[in-house]
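Q: Everything in the sequence shown is counted per my numbering, starting at 616 for the first residue and increasing by one. Starting off with a structure, shown below.
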Amino acid sequence: MAGIRFGLEDQVFLVTGGSRGIGLAIARELLAQGARVAICGRKAEGLQAAAGELAAGKRLHGVAAHIAQEADVERLFAETLAVFGRLDGVVNNVGMNIATGVVDAEPGMWRKVIDSNLNGTFLCARKAGQIMRSQGRGKIVSISSLAAHRAAPAMGIYGVAKAGIEMLTRVLAQELAPFNIQVNAVAPGMVRTAFSQLFWSNPEIHAHLVKSIPLGRIAEPADVVAPTLYLLSAGADYITGQVLLVDGGASAV
Ligand SMILES: NC(=O)c1ccc[n+]([C@@H]2O[C@H](COP(=O)([O-])OP(=O)(O)OC[C@H]3O[C@@H](n4cnc5c(N)ncnc54)[C@H](OP(=O)(O)O)[C@@H]3O)[C@@H](O)[C@H]2O)c1
Numbered sequence: 616m617a618g619i620r621f622g623l624e625d626q627v628f629l630v631t632g633g634s635r636g637i638g639l640a641i642a643r644e645l646l647a648q649g650a651r652v653a654i655c656g657r658k659a660e661g662l663q664a665a666a667g668e669l670a671a672g673k674r675l676h677g678v679a680a681h682i683a684q685e686a687d688v689e690r691l692f693a694e695t696l697a698v699f700g701r702l703d704g705v706v707n708n709v710g711m712n713i714a715t716g717v718v719d720a721e722p723g724m725w726r727k728v729i730d731s732n733l734n735g736t737f738l739c740a741r742k743a744g745q746i747m748r749s750q751g752r753g754k755i756v757s758i759s760s761l762a763a764h765r766a767a768p769a770m771g772i773y774g775v776a777k778a779g780i781e782m783l784t785r786v787l788a789q790e791l792a793p794f795n796i797q798v799n800a801v802a803p804g805m806v807r808t809a810f811s812q813l814f815w816s817n818p819e820i821h822a823h824l825v826k827s828i829p830l831g832r833i834a835e836p837a838d839v840v841a842p843t844l845y846l847l848s849a850g851a852d853y854i855t856g857q858v859l860l861v862d863g864g865a866s867a868v
C-alpha cells in the first residue's frame, strides 16, 4: 500500500476476524495508516499471534469473542469503546464455510453457516449502528463474496448467507443515512488464505479458476485491503448501500 494515504490517522476501527487472513491484512494496514484497531477472533492464541506479528502496542486491542453470540458482541463493542473511547468504523470480516451441497447438508450445518456469517454480521452491524448513531457519524464495511452473486459448488449455504449480508448492507444504508453513517460491502473472488485453501491448493481447481478471471490470478489478501480502507475513508462519504466486487474482473464477463 506504499504511498496511498487514506486519512485515517487516530481513528478507531474494529475488525472482526482480524487474527488472520484478510482481516489481519486490513488491521495491519489500518495500523500502518496511524489508526487504532480492535480485532476479534474466537481463539485467544490466534489473537496473541496477531498481536505479536503486528507489534502495535497500545494501538491494538484483541478481544476473544464469537460474533454469533450476543453477549460476546456486547462485550466486544464495550471493550473497544472502553479502550479507545470512540468508534469510527467497523469491518464485518468474519466468515466461514462448510463445503457441502445444500441438498446433502444437515440442518445443523445450514444453521452454523448462517449463524457465523449472516447472524453474526447482523449482531455486529446492529451494535455498530447504535453506537455510531449517537456519534452522528461512522462507516460499516462488510466482507461479502463473489459467491453471493454466482452459485458455486460446495459454497451454496455460504452464498445464501453472503447474499443476505449484501441485502443487510442496503437496508442498513437506508436506515442509517440520516445519521451520516455509510454502510457498504466488499465482495472478493477467491483470495489466497487458509479459508479457501481447499480450493486454490488443488491445481485443477486453481487452473479452472484462473481461466475465469480476466486479470489472470486469484487475489492476495492485500488486494482486498485498499478497497476496504477506501470505503472506511472520508473519500467514500457519498457512497452507501453499495457492493464493490474485488474479483479481478470475473463478474464482468
Ligand atoms: N479467502 C477467500 O477466498 C474469500 C473470498 C471471498 C470472501 N471471503 C471472505 O473474507 C472474509 C475473511 O476471510 P479469510 O479468508 O481471511 O478467512 P480466515 O483466514 O479463515 O480468517 C477468519 C477469521 O475470522 C475469525 N472467526 C471465524 N469465525 C468466527 C466467529 N464466529 N467469531 C469471531 N471470529 C471468527 C477467525 O479467527 P478464529 O478462528 O480464532 O475465530 C479468523 O480471524 C470472510 O468473510 C470470508 O467469507 C474470503
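Yeah, the Cβ is synthetic: ideal placement off N, Cα and C, and Gly gets one too.
#1: Of all the alpha helix (DSSP H) runs that stay within the bounds of the region 701-735, which reach a length of 4 or more residues?
#2: Measuring CA to CA, which of Ala809, Arg752, Cys739 is closest to Arg690?
#3: Please name the residue, chosen from Lys777, Gly864, Leu860, Leu847, that lies closest to Phe621 on a Cα-to-Cα basis.
#4: Is Pro803 near ligand 1, in the sense that its beta carbon is under 7 Å from a heavy atom of that ligand?
#5: Any idea which residues DSSP pairs Val840 with across the strands?
#6: Ile796 and Gly744 - do their beta-carbons sit closer together than 8 Å?
#7: With hydrogens ignored, establish whether the beta-carbon of Gly753 is closer than 7 Å to any heavy atom of ligand 3.
#8: Under a three-way DSSP split, which group does Phe621 fall into?
#9: Could you name each continuous alpha helix (DSSP H) segment of 4 residues or more that falls completely within the region 634-706, going from the start of the chain to the end?
#10: Given a threshold of 16 other Cβ atoms within 10 Å of its Cβ, counted over all protein chains shown, does Ala766 qualify as buried or as exposed?
#11: Within the continuous beta strand (DSSP E) that includes Gln797, where are the two ends?
#12: Which of helix, strand or coil does DSSP assign to Ala767?
#13: Would the beta-carbon of Gln750 fall within 8 Å of that of Arg701?
#14: In or out: Gly774 buried (at least 16 other Cβ within 10 Å) or exposed?
#15: Exposed or buried, Gln626, counting other C-beta atoms within 10 Å across all chains shown (16 or more means buried)?
#16: Quick one: what's Gly753 bridged to in DSSP?
#17: Leu884: which of Leu844, Asp730, Gln663, Pro818 sits nearest, CA to CA?
#18: Nearer than 7 Å: is that true of the beta carbon of Cys739 relative to any heavy atom of ligand 1?
#19: Measuring straight from C-alpha to C-alpha, what distance separates Pro829 and Ile820?
A: According to the structure shown:
#1: 722-729
#2: The sequence position of residue 690 within the sequence shown is 75, counting from 1. Among Ala809, Arg752, Cys739, the Cα nearest to that of Arg690 belongs to Cys739.
#3: Within the sequence shown, the letter at position 6 stands for residue 621. Out of Lys777, Gly864, Leu860, Leu847, Leu847 has the C-alpha closest to the C-alpha of Phe621.
#4: Start at 1 with the first residue of the sequence shown, and residue 803 comes out as number 188. Answer for Pro803: yes, Cβ within range of ligand 1.
#5: By 1-based counting over the sequence shown, the position of residue 840 is 225. Note: Val840 sits in no beta bridge, so no partner.
#6: The residue labelled residue 744 in the question sits at position 129 within the sequence shown. The residue labelled residue 796 in the question sits at position 181 within the sequence shown. Contact: yes.
#7: This structure lacks ligand 3; its bound ligands are ligand 1.
#8: Within the sequence shown, numbered from 1, the residue matching residue 621 stands at position 6. Phe621 falls in the coil class under three-state DSSP.
#9: 636-647, 659-669, 685-699
#10: Stepping through the sequence shown from its first residue, residue 766 is reached at position 151. Burial call: exposed.
#11: As a first step, residue 797 must be located in the sequence shown, where it is residue number 182. Taken as a continuous stretch (DSSP letters only), the beta strand (DSSP E) holding Gln797 covers 796-803.
#12: Stepping through the sequence shown from its first residue, residue 767 is reached at position 152. Coil.
#13: For the purposes of this step, residue 750 is taken as the residue at position 135 of the sequence shown. For the purposes of this step, residue 701 is taken as the residue at position 86 of the sequence shown. Yes, the Cβ-Cβ distance between Gln750 and Arg701 is below 8 Å.
#14: Here residue 774 refers to the residue found at position 159 when the sequence shown is read from its first residue. Burial call: buried.
#15: By one-based count along the sequence shown, residue 626 stands at place 11. The residue in question, Gln626, is buried, as its Cβ has 16 or more Cβ neighbours within 10 Å.
#16: As a working mapping, residue 753 is identified with position 138 in the sequence shown. DSSP output for Gly753 lists Ile796 as bridge partner(s).
#17: Past the edges of the chain, shown from 616 to 868, lies residue 884, and the structure says nothing about it.
#18: Here residue 739 is taken as the residue at index 124 of the sequence shown, counted from 1. Answer for Cys739: no, Cβ out of range of ligand 1.
#19: Walking along the sequence shown from the start, residue 829 turns up at place 214. Walking along the sequence shown from the start, residue 820 turns up at place 205. The straight-line gap from Cα to Cα measures roughly 16 Å.
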